[in-house]
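Engineer:
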Amino acid sequence: MDEWLDWLRERWGTLVLAVLLGLMGITWWQSRPISQSAGILAPAEPLQSNPVSAVAWTFKQHTITPLAQFELRARVLSAERYRFDRAAELSPVDFALGWGSMSDSRILQAFAIQQRDRWYFWSASRMPISASDVIAHSANMHMIPATEAVAKRLLAVKPGQMVELSGQLVRVDGKDGWHWVSSLSRTDTGDGSCEVVWVDRANASNQ
1 MDEWLDWLRE RWGTLVLAVL LGLMGITWWQ SRPISQSAGI LAPAEPLQSN PVSAVAWTFK
61 QHTITPLAQF ELRARVLSAE RYRFDRAAEL SPVDFALGWG SMSDSRILQA FAIQQRDRWY
121 FWSASRMPIS ASDVIAHSAN MHMIPATEAV AKRLLAVKPG QMVELSGQLV RVDGKDGWHW
181 VSSLSRTDTG DGSCEVVWVD RANASNQ
């Protein structure tokens, strides 16, 4: 009897391990970066204009104030989900996005790109373009989906894909005094340089 129990534990342990490894493999396959051919894939600069209306609205107990109309087509350099920080209820994902030279695979192969703590970090052992070009053609953007359907689309986006977004750059104010204010420049750096994007429409494709 004891030998049979030991055999059962051993077999079930192996099965559980196999299932876990299989699930990990599926997760990796679903989240793997999409490869792209060489060349600039998103040549246009992001479009920013005055807001249609300056009227604020309430979303999940926060006041949303529009600062500018905004739309872009860019390559997703990295995507990072957030679940536990102060902003996660509003913004479940950040995208590090690249356009112009920072959408070209020949340029990007020189860079290591990471996201954490709502920041985007890049490094390169050699610089194929200037640091000012990197700053002007890439950004970390906080996504605030306007609807659940938009949220699902944003959360399904993979690194390497091309994404088209339209909406507004906004200021967010919480009842507790917390606030989040979008950058209105593509060339600033440091604290406050990320875009806070209210996303009305989002579409992703593999090219």
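Per my numbering, residue 1 is the first one in the sequence shown, and the count goes up by one each step.
Yeah, the Cβ is synthetic: ideal placement off N, Cα and C, and Gly gets one too.
#1: Are the beta-carbon atoms of S138 and M102 separated by less than 8 Å?
#2: Give me the Cα-Cα distance between R83 and V181, rounded to the nearest whole angstrom.
#3: From what residue to what residue does the beta strand (DSSP E) around R153 run?
#4: Would you check if the distance between the CB atom of W198 and the CB atom of A146 is smaller than 8 Å?
#5: Would you call the region 34 to 46 in contact with the region 56 to 67, where contact means no fewer than 3 C-beta pairs closer than 8 Å?
#6: Please name the residue, chosen from P33, C194, K158 and N203, that lies closest to W119 on a Cα-to-Cα basis.
#7: Does the distance from the CB of V196 to the CB of I144 come in under 8 Å?
#8: Between the region 165 to 177 and the region 69 to 78, do at least 3 Cβ pairs fall closer than 8 Å?
#9: Quick one: grab the DSSP three-state call for G100.
Structural biologist: In short, the structure shows the following:
#1: Position 138 of the sequence shown, counting from 1, holds the residue named residue 138. Position 102 of the sequence shown, counting from 1, holds the residue named residue 102. Their beta carbons are under 8 Å apart, which means S138 touches M102 by this criterion.
#2: Mapped onto the sequence shown, residue 83 falls at position 83. Mapped onto the sequence shown, residue 181 falls at position 181. Looking at the two C-alpha atoms, the distance is approximately 20 Å.
#3: To locate residue 153, count along the sequence shown from 1; it is residue 153. First-last for R153: E148 to L155, but that is the alpha helix (DSSP H), not the beta strand (DSSP E).
#4: Taking the first residue of the sequence shown as position 1, residue 198 is located at position 198. Taking the first residue of the sequence shown as position 1, residue 146 is located at position 146. Yes, Cβ-Cβ distance for W198 and A146 is below 8 Å.
#5: no
#6: As a working mapping, residue 119 is identified with position 119 in the sequence shown. Nearest of P33, C194, K158 and N203 to W119, Cα basis: C194.
#7: Reading the sequence shown from its first residue, position 196 is the one you call residue 196. Reading the sequence shown from its first residue, position 144 is the one you call residue 144. The answer is yes: Cβ separation under 8 Å.
#8: At 8 Å Cβ cutoff, the stretches touch.
#9: Here residue 100 corresponds to residue number 100 of the sequence shown, with the count starting at 1. Of the three classes helix, strand and coil, the one that applies to G100 here is helix, per DSSP.
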